[in-house]
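Participant: Just so we're aligned: 202 in numbering that gives the first Met the number 0 is position 203 of the sequence shown, and the numbers increase by one with no gaps anywhere. I have a structure I would like to understand better, so I am pasting it below and will then ask my questions one at a time.
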Amino acid sequence: MAKVALLIGVSEYEPGFTPLPATIKDVNAMQRVLLHPEIGGFDDVTLLVNPQQHEMAVAIETLFDGRQKDDLLLLFFSGHGIKDEGGKLFFAACNTRKTDKGVLVKATIVPASFVHEVMSNSRSRREVVILDCCFSGAFAEGMSAKDNGFVDIRNQLGGEGRAVLTSSTSTQFAFEQQGADTSTYTRYIVEGLETGAADRDEDGWISVDELHEYATKAVQEATPAMKPEIYAIKEGYKINLAKAPIDDPKLKYRREVDYWIESGNGEISFTGRAALEGLQEELELAPEETAAIEIKVLAPIEVYKKKLKRYELAFRNEIKLGFPPSDKTRANLKRLQQALGLRDEDIALIEAPIIAEQPLTTPPVIVNPLPPQNSNFINYVVACIIGVIGVVIGGTLVYVFRPIFTPPITENFCANKEPYNLDDRISSGEEILLKQDTNPDKKAGVQAFLNGDCNTAIDKFNSSRKVNSTDPETLIYLNNARARLKSYRLKIAVSVPIGKNPNVAKEILRGVAQVQDEVNNSGDINRKALEVAIANDDNDPSEAVQLATRFGKDASILAVVGHNSSNASLSAASVYQKAGLVMMSPTSFAQNLTSVGNYIFRTAPNVKSIADSVSNYAIKIAGKTNFLICVDYQGIDNLSFNNEFVKAINAAGGQINSTECDISARDFNPSTIISQAVRSGANALVLGLYIDKIKQGLAVAQSNQGQLTVFGSPTLLTDETLKQGRGINGLIISAPWYPAAFPNNIFPQKAQKLWGATVNWRTATAYDATLAIIAGLQRTNKRDELQKVLHNPDFSVDGATGKIQFLASGDRKNNDIFLVKVQQKPGTDKYEFIPIIP
């Protein structure tokens, strides 16, 4: 049995390619640990630095040729990986070049397919490839067994030991840290081998999967947007690469430091420090030795913190020049984010508190119409004059540009009057936000509300409801006008993506409007009517933060229902937490949403519960074993979706297909992806979609043409899905609510009566979010006390999705998930959602 390695590092390139000086240090570091007799113990390690294309290809073929079954062969490459328009991967040599038109000269590059071929022709059944290059994950798309005319990875590769470790996915760039001795990924590969820390089961051997786990954890601590991958066939996961010391006191201390850092979210707690001091004495380690170990373990986290600081400084400097940032500034900041390897989630958490510090943007000038010419017109004119004079005396010019309107007093005017800022994305009834649901009566109602004439507003909104009973904005404004006629009222807000996703916005607003209507028609809240302010955030994190800032400063708003997307919710959450204002999201799934603080709640399930439910059904009942996961990597909740599904599928006994499916990728081709997945053994497809990417996700389902059983997140439970027709027949979707799941609950009947139409899960979870807030307001109308009431173990209220109670985290207790299936209606060309009975 021989252990042979080929290490290729390419640092120098022809014009058009960026030099990569760290690659030479990468191969030197790898050679050091592989040749070390107490670590790698390799018999032969060949170093190939800056080879020509032909030289590289010959060396790779030589590595795999003429080997025996038990030989361990390792190929390491650090350099430029190039992905062409067809998705194929190539490795660049030092003479790789492009034509004058920017087209690669194929004779100067080494195709990944060539490497696959020579690996497949080798007799060795212990083959390991480690790739530290851009798009390295694309290499696994062509993994196959020895060519016997047909490749069925799942059934035909028993005994075939092959593993590929990659620094990035098939669509990612790899990251090279400036000023570092080695590139990011290789640094932690070497560290895991050299220190023995990658020996996770402490058996004295470092296997391929253990090395991947160690390197991935360290890489993502330093550069969270970077996603190392492992692709292994059968025994490939358990190929032992290196030895690790069993009783080394330094390694024991390092493992204990790892434990306390993980438990302390990147820092060592007081308890952890006490435990480490005791272990230091027990192991008889010098203080300088333990300090060096701690510095080493904390290094990735410190790198990450520096990147956050770098982005924060750049963002602060940019908004000093102009706020909100221009499109060009946003593009530059995005480029910086990508260079630093930070996720959208990281950026949102950096920007949110900074944006909250900025002055609110000034709405455009709106000229309000004069009120009716009645006996109080003189009062109106005097009030306007006083308002202008007050602005001048106060020295504040902002109100000169903001339309302020204080209505005159008549017998029809509201008991509670306030000035309005029009076109500011917020309305209690003074302007129409749902522009597509406009009619003459609604316009007249809004004008009357603006003028302070609540009786006329009520009459007009009622008339508008007869024309369009499904419009939730009209019902909310109607109840707001009724509330204004009373002496006392309580106010909450709801933030939805009206401009970006009007249908989703209306689904959420219907749940809020239904609760408000029930409350105001059944005795109010301790004799106080409920008023609801509607806000349009467009699912935009920056807009969500600005709205959250305004809500936080408006003492009359006691809680907020929202936001829709996890991107918006996560960005705004820290602002609500700082303001001490309850935010109750009905639709955000991101796993870490409620970890922001004790003022953040949700009635939607978190993504872990969705993943567990779907995976158990798919594997244990539907009998699926190999899953292609398609997500939008630009969506925070989709990243959570991917991570939690990987865990859930593995835990239930399934496996993840190696095909990369990022529906936000520029070269996204659903037909190609499905073909690759089927060829590599997939029999199930999981769609995790951001709300804006439904069309792209459904394109994958349609391209599937029944080859894979398709499972989807609750995002797909919309009328838009049903309109896709035959292409999505059989699609199975998870949902937090479906009428048949709650046969004795009267919510669906009440909704049908109120709206004249059926509602979906977003309406149900928004209904429950609003209902929970109202139940809390029954006990207190103080912001700081409201969150305590909601957290109280004895708090509960019966909602559309069952009993509503909250965990200490702010998530729902016992938040069940239901499955529905798209099925063709018998005798028609229409489709419907049918509940699946386990």
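Quick reminder that beta carbons are idealized off the backbone N, C-alpha and C, glycines included. Please read these numbers as outputs of a predicted model, since none were measured by experiment.
So if DSSP puts K619 in a beta bridge, which residue, or which two residues, is it bridged to?
Facilitator: K619 pairs with nothing; no bridge assigned.
Participant: Of the residues G696, R678, S679, Q675, which one's Cα is nearest the Cα of V685?
Facilitator: G696
Participant: Please list the terminal residues of the continuous beta strand (DSSP E) segment that includes E11.
Facilitator: Counting along the chain, E11 falls outside any beta strand (DSSP E), and DSSP gives it neither H nor E.
Participant: Can you check which of these residues, F626, G687, P110, Q706, is closest to S733 by C-alpha distance?
Facilitator: G687
Participant: What number of angstroms, rounded off, separates the C-alpha of M0 from the C-alpha of E209?
Facilitator: Rounded to whole angstroms, M0 and E209 show a C-alpha spacing of 22 Å.
Participant: Counting Cβ pairs closer than 8 Å, one from the stretch 497-505 and one from the stretch 453-468, do we hit at least three?
Facilitator: no
Participant: Report the residue from D666, A664, T658 whose alpha carbon sits nearest the alpha carbon of S674.
Facilitator: T658
Participant: Who are the near neighbours of K512 in its chain, counting only those whose CB is closer than 6 Å to its CB and skipping five residues on each side?
Facilitator: Contrary to the premise, residue 512 reads as Ala rather than Lys in this sequence. Excluding sequence neighbours, A512 sits near P471, L474, I475.
Participant: My assumption, with CB atoms under 8 Å, is that T708 sits in contact with K619. Please give the rounded CB distance.
Facilitator: In fact, because the Cβ distance is near 14 Å, the residues do not count as touching under 8 Å.
Participant: If you follow the beta strand (DSSP E) that W204 is part of, which residue opens it and which one closes it?
Facilitator: 204-206
Participant: Of all the options D343, T602, V104, S494, which has the alpha carbon lying nearest to the alpha carbon of N813?
Facilitator: T602
Participant: Indicate whether I609 and S712 have their beta-carbon atoms separated by less than 9 Å.
Facilitator: Remark: C-beta atoms of I609 and S712 approach each other more closely than 9 Å.
Participant: With three or more C-beta pairs closer than 8 Å as the rule, is the stretch 436-448 touching the stretch 476-485?
Facilitator: Segments in contact, yes.
Participant: Assign P110 to one of three DSSP states: helix, strand, or coil.
Facilitator: strand
Participant: Is it a yes or a no for the stretch 183-190 touching the stretch 210-226, going by three-plus beta-carbon pairs under 8 Å?
Facilitator: yes
Participant: So, do the stretch 782-802 and the stretch 585-601 have three or more beta carbon pairs nearer to each other than 8 Å?
Facilitator: yes
Participant: Kindly indicate which residue of T181, I773, L47, K251 has the alpha-carbon position closest to the one of A558.
Facilitator: I773
Participant: Drop a sphere of 10 angstroms on the beta-carbon of V544, count the other beta-carbons inside from all chains shown, and report buried for 16 or more, exposed for fewer.
Facilitator: buried
Participant: For D440, is the classification buried or exposed, using 16 other Cβ atoms within 10 angstroms of its Cβ as the cut-off for buried?
Facilitator: buried
Participant: Along the chain, which unbroken stretches of the alpha helix (DSSP H) at least 4 residues long are found entirely within the stretch 774-825?
Facilitator: 782-790
Participant: Which residues does DSSP list as the beta-bridge partners of L654?
Facilitator: Before going further, note that residue 654 is Gln rather than Leu in the sequence given. Answer by DSSP bridge pairing, in chain order: N625.
Participant: Sorted by chain position, which residues of the same chain lie with C-beta nearer than 8 Å to A313's C-beta, five sequence neighbours on each side aside?
Facilitator: L332, L335
Participant: State buried or exposed for P20, treating a residue as buried only when at least 16 other CB atoms are found within 10 Å of its CB.
Facilitator: exposed
Participant: Grouping DSSP H, G and I as helix and E and B as strand, with all else coil, what is M29?
Facilitator: Note: M29 maps to helix in three-state DSSP.
Participant: Exposed or buried, F840, counting other C-beta atoms within 10 Å across all chains shown (16 or more means buried)?
Facilitator: A question about residue 840 goes unanswered here, because the residues of the chain that appear run from 0 up to 837.
Participant: By the 10 Å Cβ neighbour count, where 16 or more other Cβ atoms means buried, how is S119 classified, buried or exposed?
Facilitator: buried
Participant: At the level of alpha carbons, what is the spacing between R253 and G39?
Facilitator: 20 Å
Participant: So what does DSSP say about I836, is it helix, strand or coil?
Facilitator: coil
Participant: So, N566 versus F588, is the Cβ gap smaller than 9 Å?
Facilitator: no
Participant: H53: buried (16+ other C-beta within 10 angstroms of its C-beta) or exposed?
Facilitator: exposed
Participant: State buried or exposed for N316, treating a residue as buried only when at least 16 other CB atoms are found within 10 Å of its CB.
Facilitator: exposed
Participant: Tell me whether M225 sits in a helix, a strand or coil according to DSSP, three-state version.
Facilitator: coil
Participant: Do you know how far the Cα of D131 is from the Cα of I260?
Facilitator: 27 Å
Participant: Identify every residue that forms a DSSP beta bridge with A558.
Facilitator: V581
Participant: Keeping to the same chain, check which residues put their C-beta closer than 7 Å to that of K527; ignore five residues upstream and five downstream.
Facilitator: Y487, R488, L489
Participant: To the nearest angstrom, how far is the alpha carbon of L71 from that of E506?
Facilitator: 58 Å
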